[in-house]
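Numbering (this note's numbering), first residue to last: 1 to 151.
This is how it looks when you write it as structure tokens:
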């Protein structure tokens, strides 16, 4: 099984099954708005077969920048996974999408890796919080466990 599929499958299965084996990292301080040219978000996603998936996402560029100027780096690290998979690293471009099925004013970031890799969708909860959502831009039932905090 490819590692990117393992990440997506683990997150989806954990949410759909109500599995909550990981904790989301939290940071209480308010962070600057996304208008800065670089923002880094971190958190831990639940994982059915491990202690959690540490996710680190760095966004370069601004929401108002030209699409080719908006780039990202994403790293996923598995905690105590029985198969000890290597860290996954993706780079590519991100887009700003407007609206979700439940909120037409929502802001969604679509991260598309260069070459092979899964497209990731993050709902902007606040200037300091992103939440992983599905490709149909729907939130998962346990969405609070899929949040990344700005560092």
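Glycine included, every Cβ here is placed at the ideal spot set by N, Cα and C.
Judged by their CB atoms, residue 61 and residue 91 are not nearer to each other than the 8 Å cut-off. Around residue 97, the same chain offers 108, 110 as residues with beta carbons nearer than 6 Å, after the five sequence neighbours per side are excluded. The secondary-structure analysis by DSSP pairs residue 113 across a beta bridge with 92.
Residue 131 holds the alpha-carbon nearest to the alpha-carbon of residue 141 among 82, 88, 40, 131. Your pair residue 67 and residue 93 checks out as a contact, with CB atoms roughly 6 Å apart and the cut at 8 Å. In the structure shown, residue 143 falls within a helical segment according to DSSP collapsed to helix, strand and coil.
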